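For reference, the structure discussed in these notes is given below.
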Amino acid sequence: MVSQFAGKTVFVSGGTSGINLGIAQHFAREGANVFVISRDSAKVEAAVAGLRALGAQADGLSADVRQFDQVKGALDQCAQTFGPIDILVSGAAGNFLAKAENISSNGFRAVMEIDVLGTHHVMSAAFPHLRKPGACILNISAPQGSVAMVGQAHVCAAKSGIDMLTRALALEWGPYGIRVNSVSPGPIADTEGQKRLVPNPAAVQERIDAIPLRRMGSLTDVSDLCLFLASDKAAYITGTVIPVDGGTTLNPTPTRMGQFLED
Ligand code: NAP
Ligand code: COA
Numbered sequence: 043m044v045s046q047f048a049g050k051t052v053f054v055s056g057g058t059s060g061i062n063l064g065i066a067q068h069f070a071r072e073g074a075n076v077f078v079i080s081r082d083s084a085k086v087e088a089a090v091a092g093l094r095a096l097g098a099q100a101d102g103l104s105a106d107v108r109q110f111d112q113v114k115g116a117l118d119q120c121a122q123t124f125g126p127i128d129i130l131v132s133g134a135a136g137n138f139l140a141k142a143e144n145i146s147s148n149g150f151r152a153v154m155e156i157d158v159l160g161t162h163h164v165m166s167a168a169f170p171h172l173r174k175p176g177a178c179i180l181n182i183s184a185p186q187g188s189v190a191m192v193g194q195a196h197v198c199a200a201k202s203g204i205d206m207l208t209r210a211l212a213l214e215w216g217p218y219g220i221r222v223n224s225v226s227p228g229p230i231a232d233t234e235g236q237k238r239l240v241p242n243p244a245a246v247q248e249r250i251d252a253i254p255l256r257r258m259g260s261l262t263d264v265s266d267l268c269l270f271l272a273s274d275k276a277a278y279i280t281g282t283v284i285p286v287d288g289g290t291t292l293n294p295t296p297t298r299m300g301q302f303l304e305d
């Protein structure tokens with residue numbers, strides 16, 4: 043059976059590693075045409091080669107989501123190559139573990155600009171190219187968007203900002219037939235994000251013990267939710283923040299990450 047995603051255009055910001063690359067690969071396997079961006083051109087090249095090896099038409103560009111002109115250039119090129127954008131994934135993000143009093147102005151700004159301003163850049167530059175009606179936007183959030191966590195003040199501010207952008211744009215763009223949702227993964231195994239939040243391998247089991255489903259998530263767990271949200275079966279879902287986190291937000295151990303922080 044031909045996949046409903048065959049020939050669709052998918053754009054993924056930060057789509058060159060980890061969770062976002064997993065999402066890009068999932069759509070590629072379904073026959074979609076995929077365009078990825080991130081800062082590091084070597085990562086872009088490797089990701090595009092990997093997507094093509096899956097049989098997809100794929101392309102990419104090196105771009106910093108903090109720079110509107112670079113984001114616009116990438117979205118223009120994506121639409122020129124593959125046509126109107128059906129699925130837009132905003133996944134570029136920055137994170138590090140630090141107590142609030144140790145986060146410099148520049149450090150706070152870096153995360154806010156990559157996550158919140160970057161998501162605005164991706165959505166606003168994509169708007170002229172989005173298929174109307176029918177486009178689906180997926181903003182990659184995190185439990186920090188809903189639950190306060192020690193060492194994560196900047197990320198809590200940024201991800202909750204992304205979730206409000208999701209709701210605001212679902213409201214504004216619903217009449218065009220554009221759906222906007224946040225996907226909120228819990229701890230996903232073998233990712234950069236987890237390495238940064240649980241830098242001590244001995245503490246990984248403790249992290250797992252606090253997850254109601256007693257395991258870290260996989261790239262497939264997240265990608266399957268993205269596929270569902272982009273499908274016809276989710277045609278009436280917009281403006282939501284959907285966790286794929288094994289119940290992490292029910293038992294978020296908000297202070298425990300503080301153990302990795304120096305006084
Ligand atoms: P990752 O591999 O580091 O992915 C981040 C991606 O964003 C990379 O491709 C990076 O590539 C790109 N990026 C960073 N800054 C950028 C910028 N200024 N402009 C353009 N691209 C930029 O990390 P990950 O752990 O898979 O995280 C992926 C997403 O999932 C993030 O939104 C994260 O917040 C979310 N998340 C992760 C977890 C987890 O357990 N890992 C849990 C919840 C949510 P370059 O370095 O080449 O720019
Ligand atoms: N603790 C405290 N501050 C930190 C820090 C840490 N662990 N890591 C970086 N910073 C600060 C820097 O000191 C700098 O502030 P300063 O100029 O006052 O010294 C500021 O953050 C910006 O750092 P810089 O490396 O210049 O920024 P960048 O724009 O190149 O990188 C980051 C942005 C810091 C978010 C970087 O970690 C990054 O590129 N991350 C992308 C990948 C990622 O985070 N993946 C996981 C996603 S969940």
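When the count follows my numbering, it moves up by one through the sequence shown with no breaks and lands on 305 for the last residue.
C-beta: ideal position from N, C-alpha, C; glycine also.
Keep in mind that this is a model prediction, so the values were computed, not measured.
Among the options, which residue has its Cα nearest to the Cα of residue i?
i           : options           : result
residue 75  : 44, 107, 103, 127 : 127
residue 62  : 172, 149, 89      : 89
residue 185 : 200, 171, 278     : 200
residue 164 : 53, 189, 91, 278  : 53
residue 141 : 195, 243, 181     : 195
Output the distance between the C-alpha atoms of residue i and residue j, rounded to the nearest integer angstrom.
i           : j           : result
residue 240 : residue 191 : 13 Å
residue 175 : residue 255 : 38 Å
residue 100 : residue 117 : 14 Å
residue 172 : residue 259 : 30 Å
residue 249 : residue 303 : 16 Å
residue 270 : residue 87  : 28 Å
residue 167 : residue 261 : 27 Å
residue 162 : residue 120 : 18 Å
residue 232 : residue 43  : 33 Å
residue 274 : residue 187 : 27 Å
Under 8 Å by Cβ, that's how I've got residue i and residue j pegged, so tell me the actual separation to the nearest angstrom.
i           : j           : result
residue 293 : residue 245 : That pair is no contact at about 16 Å.
residue 235 : residue 60  : 7 Å
residue 153 : residue 197 : 6 Å
residue 238 : residue 138 : 6 Å
residue 85  : residue 123 : About 19 Å; that fails the 8 Å criterion.
Looking only at its own chain, which residues have a Cβ that is under 7 Å from the Cβ of residue i, when we skip the five neighbours before and after it?
i           : result
residue 134 : 55, 56, 80, 107, 156, 160
residue 83  : 104
residue 264 : 61, 64, 65, 225, 227, 230, 286
Excluding the 5 residues preceding and the 5 following residue i in the sequence, name in chain order all residues of the same chain whose CB lies nearer than 6 Å to its CB.
i           : result
residue 72  : 45, 47
residue 212 : 222, 280, 281
residue 129 : 52, 178, 272
Between which residues of its own chain and residue i is the CB-CB distance below 8 Å, once the five residues before and five after are set aside?
i          : result
residue 96 : 67, 70, 71
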